[in-house]
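Colleague: This is the structure I want to talk about, given as structure tokens.
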Amino acid sequence: MGHSKYCCSSSKCSHTKVVPYTCKSRFCSACGKKATEIWIEEQNAVLPQCEYQHITFTIPKEFRIFFLYNRWLLNEFVKKAAETLLKTAKDKGITIGIFAAIHTFGRDLK
Numbered sequence: 050m051g052h053s054k055y056c057c058s059s060s061k062c063s064h065t066k067v068v069p070y071t072c073k074s075r076f077c078s079a080c081g082k083k084a085t086e087i088w089i090e091e092q093n094a095v096l097p098q099c100e101y102q103h104i105t106f107t108i109p110k111e112f113r114i115f116f117l118y119n120r121w122l123l124n125e126f127v128k129k130a131a132e133t134l135l136k137t138a139k140d141k142g143i144t145i146g147i148f149a150a151i152h153t154f155g156r157d158l159k
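Read in order, the letters of the sequence shown are residues 50 to 159 in the numbering used here.
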């Protein structure tokens, strides 16, 4: 990717600033991290400030081909995951809220 280096034009100053180029890829450990941090800040601005638990539902490798050719199944998968969490919480006498996000990591669902 590279970078640009800027130097002060004054002969009395040796200040320099290095500005890295960005690839803008969400998979890049630098660019993707920045995009993720911005997304988190945006979500924190609208979500209630409370304790939370991160839960991941994963599609087994053997079934991913069905989701690749039937993208609407992703929404159904999320609905069923939410129903499972809501029922489990209700059975335990707990009221929960759910924030769901689908992460496919590319069109081929890697």
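For every residue, glycine included, the Cβ atom is placed at its ideal position computed from N, Cα and C.
Thinking C-alpha only, which one of Ile151, Glu100 and Glu90 is nearest Leu122?
Modeller: When only C-alpha atoms are compared, the closest one is Ile151.
Colleague: Determine the DSSP secondary structure at Tyr70, reduced to helix, strand or coil.
Modeller: If DSSP states are grouped into helix, strand and coil, Tyr70 belongs with coil.
Colleague: Which residues does DSSP pair with Ser175 in a beta bridge?
Modeller: Here the chain comprises residues numbered 50 to 159, so residue 175 is not present and cannot be evaluated.
Colleague: How many Å lie between Lys129 and Ala79 at the Cα?
Modeller: Cα to Cα, Lys129 sits roughly 34 Å from Ala79.
Colleague: What does the alpha-carbon distance come out to for the pair Lys82 and Thr137?
Modeller: For Lys82 and Thr137, the distance between alpha carbons rounds to 33 Å.
Colleague: Once DSSP output is grouped into helix, strand and coil, what is the label at Thr65?
Modeller: If DSSP states are grouped into helix, strand and coil, Thr65 belongs with the strands.
Colleague: Check each candidate in Thr105, Leu96 and Lys73 and name the one with the smallest Cα separation from Thr133.
Modeller: Checked all of Thr105, Leu96 and Lys73; the closest Cα to Thr133 is Thr105.
Colleague: Between Ile11 and Phe126, how many whole angstroms is the CB-CB distance? I'm expecting something under 8 Å.
Modeller: Shown here, the chain extends from 50 to 159; a query on residue 11 therefore has no answer.
Colleague: In angstroms with no decimal places, state the Cα-to-Cα distance between Gly142 and Leu96.
Modeller: Roughly 23 Å between the two C-alpha positions.
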